[in-house]
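Here is the structure we will look at.
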Amino acid sequence: MHTYPYTITISSEKGGVGKTTLATNLAIYLKAMREDLPVTLFSFDNHFTIDKMFELQKRSENAPDVHALLMGVRAKDVVQTGQYGVGFIRSSTELADIHERFKGPMTLTKMLSESGISGIVIIDTRPDLNILTQNALYAADRVLIPVKDLPSLENCKNIFALFDQSGIDKKSLALLPCLIDSRIKFEGIFRDQKTLLRAIAVNRGYRCLDTFISKSPKVESLNTNPDGKIYPILTHARGTEVHSQFMEISRDILRGFDATTETRACLYHTWLLEKEAHKKKQYLARLEGLTERCLICGGILAEHQGDRSFYFETSDRVSRGFLHGECVSNMLCSAMYGLRDNDSTFPAAKALVANKIAQSVSLLLPNITTGASTLDYRQYTLAGEQQLRKELEMPSFDGGSFDGIHDRLYLFLNEALAGYEGAVREGSWLSLYPVNPENPEAILHEESYKIVRRLQKQIAETIAVIS
Ligand SMILES: Nc1ncnc2c1ncn2[C@@H]1O[C@H](COP(=O)(O)OP(=O)(O)OP(=O)(O)O)[C@@H](O)[C@H]1O
Ligand SMILES: [Mg+2]
Ligand SMILES: [Zn+2]
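Using our numbering, read the sequence shown as starting at 1 and increasing by one per residue.
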């Protein structure tokens, strides 16, 4: 069964509010409270606090880190089990170039949904709102925003604004008063720092956790010791208020985790799969209506798989299919230069035509009148710009008589454009798209076919304007 992580992002644009302390210790508490729950932690910061706290052995060269994860290496190959049973990904100083890759806001969500990681993922972010932080915010089932004072509270409006802009539900966002000095007391109803911060937060419409984290000299001392280590609160500051506050926050997180049946990663992945399935259905429907034969030579296409070099589609989409490259070049060479196959100049002219049509979209717009039928032939770039226009004579087209030059063209137009009782459908035309003979069907894939549809529309518009 596919597994998805429940993601918690710790974010604040303000530095030094306790993000990393919260992320690392939360991981340890969650793991301690629920041993069988996988907890994975990583940071977009370059402080290496996570590495120092969790590594069981010193980093070896080329050890995979967050950079590798963001470059697309599967999570199971970058997550390592560290101290206290917490899974972690090593930090990296090289995340600047990643920003290029992360143009979209959902890239990390997609990575996490395909990562195979289960349980809880905690992401510690940098004190900014760059594209990586944004990705971490959008991926989160819960966002904890530590605030320690008014400036940090001011700053959170950017996170809320970001969610507003993207139309994402803000219910995942919650403020957490941190580094609260309980010695500071005020007169009046806002007795202390946390009450004041909470009141202002609520007044601005921000959700705030019931818990807070006290400022504690003991906790502060945990990363300053002769061993050069960073000690967890759980093991080294059990006697403090902060310990019970972390217990409370962890319980709250676990309640949220237990109550969530579909995580963000799961919902996003399901949506992606549905989109893919829909694309596939549309693609199969496009394959359905294709002609079985090359309408120029009449050969069954399945028998000569190799030379399907053009896709044609009529203006009304009634007839669509692949054509042999040879057949198209021969047909257009004869029609454009008035040459027969056995004329000495035919091969050279054909090579010229073949080269041109392989790089452009050809439009064939017949104008059938008694005796003096013509063919309006045009070439467009793939961007829809007209490069060439030629009026080709089609003598006695309506009479159906063959002249050795226009025969292929007559057959093709009649097969593709013939309507009720054989006459060519009024005002109809068709266009030819070069395709890769190795994989002609690729033109019917969503993205390529969008281009075909757009060009067909553009061509129809230019025809309407001119005639
Ligand atoms: N509850 C606490 N009591 C006392 N000191 C704390 C507490 N929590 C964190 N600190 C100290 O505050 C400082 C900043 O904490 P931390 O590194 O977690 O913040 P940060 O938001 O991750 O900072 P940055 O934005 O630079 O990444 C550290 O020195 C840390 O030891
Ligand atoms: Mg930090
Ligand atoms: Zn053919």
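Note that the Cβ used here is the ideal one computed from N, Cα and C, for glycine as well.
Residue environment, residue i, which counts as buried when at least 16 other CB atoms sit within 10 Å
i: histidine 243; result: buried
i: phenylalanine 412; result: buried
i: tryptophan 429; result: buried
i: glutamate 313; result: buried
i: cysteine 363; result: A small correction: the amino acid at residue 363 is leucine; cysteine does not occupy that position in the sequence shown. Buried.
i: phenylalanine 402; result: exposed
i: lysine 76; result: exposed
i: glutamine 379; result: buried
i: phenylalanine 42; result: buried
i: tyrosine 206; result: buried
i: glycine 321; result: buried
i: tyrosine 420; result: exposed
i: arginine 238; result: exposed
i: aspartate 341; result: exposed
i: histidine 67; result: buried
i: serine 152; result: buried
i: arginine 142; result: buried
i: phenylalanine 186; result: exposed
Among the options, nearest to residue i - alpha-carbon criterion
i: leucine 37; options: Phe257, Ser216 and Pro151; result: Phe257
i: valine 121; options: Ala140, Thr107 and Cys294; result: Ala140
i: proline 366; options: Val17, Ala335 and Asn355; result: Ala335
i: arginine 34; options: Met247, Asn223 and Leu108; result: Met247
i: lysine 194; options: Leu176, Pro217 and Ala27; result: Leu176
i: serine 12; options: Phe44, Leu30 and Cys156; result: Cys156
i: methionine 111; options: Ser92, Val78, Pro127 and Ile28; result: Val78
i: histidine 406; options: Tyr138, Ile249 and Val328; result: Val328
i: isoleucine 463; options: Glu438, Asn436, Tyr449 and Gly427; result: Gly427
i: serine 113; options: Leu295, His269, Glu303 and Tyr29; result: His269
i: alanine 96; options: Lys215, Gly82 and Leu70; result: Leu70
i: threonine 107; options: Asn25, Pro347 and Ala265; result: Ala265
i: serine 214; options: Ile230, Phe190 and Ile184; result: Ile184
i: alanine 201; options: Pro146, Asn135 and Ala348; result: Pro146
i: leucine 144; options: Asn436, Leu22, Thr260 and Val361; result: Leu22
i: threonine 40; options: Ser115, His67, Pro105 and Gly72; result: Ser115
i: glutamine 245; options: Pro347, Thr211 and Glu274; result: Thr211
i: leucine 132; options: Leu150, Gly104 and Asn158; result: Gly104
i: leucine 26; options: Thr235, Leu129 and Ile459; result: Thr235
i: threonine 93; options: Asp45, Asp128, Gln83 and Ser60; result: Asp45
i: glycine 338; options: Leu409, Gly87, Ile168 and Lys58; result: Leu409
i: serine 309; options: Asp316, Ile296 and Val318; result: Ile296
Contact test: residue i Cβ vs ligand 4 heavy atom, cutoff 6 angstroms
i: isoleucine 189; result: This structure simply doesn't include ligand 4; it includes ligand 1, ligand 2 and ligand 3 instead.
Identity of the residues DSSP links to residue i by a beta bridge
i: threonine 261; result: Paired residues: none, contrary to the question.
i: glutamine 386; result: Tyr380
i: histidine 278; result: Looking at the DSSP assignment, histidine 278 forms no beta bridge with any residue, so it has no partner.
i: proline 177; result: Val147
i: threonine 240; result: BP columns for threonine 240 are empty, so no partner.
i: leucine 363; result: Arg378 and Ser431
i: threonine 314; result: Leu430
i: arginine 472; result: Limits of the chain in this structure are 1 at one end and 467 at the other, which puts residue 472 out of reach.
i: cysteine 208; result: Leu175
i: histidine 324; result: Arg308
i: serine 12; result: According to DSSP, which records beta bridges pairwise, serine 12 is partnered with nothing at all.
i: threonine 7; result: Val121
i: aspartate 192; result: Lys185
i: leucine 444; result: In DSSP, leucine 444 forms no bridge with anything.
Cβ neighbours of residue i in the same chain (closer than 8 angstroms, five flanking residues each side left out)
i: alanine 63; result: Arg90
i: valine 452; result: Tyr311, Glu313, Tyr433 and Ile443
i: glutamine 386; result: Arg378, Gln379, Tyr380 and Thr462
Beta-carbon proximity list for residue i, same chain, < 6 angstroms, skipping 5 on both sides
i: lysine 148; result: Val17, Cys178 and Leu179
i: threonine 20; result: Thr49 and Asp124
i: glycine 85; result: Lys31
Neighbourhood of residue i by C-beta distance below 7 angstroms, restricted to the same chain and skipping five residues each side
i: isoleucine 300; result: Glu292 and Arg293
i: leucine 388; result: Arg378 and Gln379
i: alanine 199; result: Phe190
i: leucine 352; result: none
i: valine 73; result: Pro64
i: phenylalanine 163; result: Lys170 and Leu173
Could you name the residues whose beta carbon sits closer than 7 angstroms to any heavy atom belonging to ligand 3, keeping them in chain order?
-> So the residues near ligand 3 by this Cβ test are Cys294, Ile296, Cys297, Gly299, Leu323, His324, Glu326 and Cys327.
Under a criterion of Cβ closer than 5 angstroms to any non-hydrogen atom of ligand 2, which residues qualify, in chain order?
-> Those residues, listed in chain order, are Lys19, Thr20 and Asp45.
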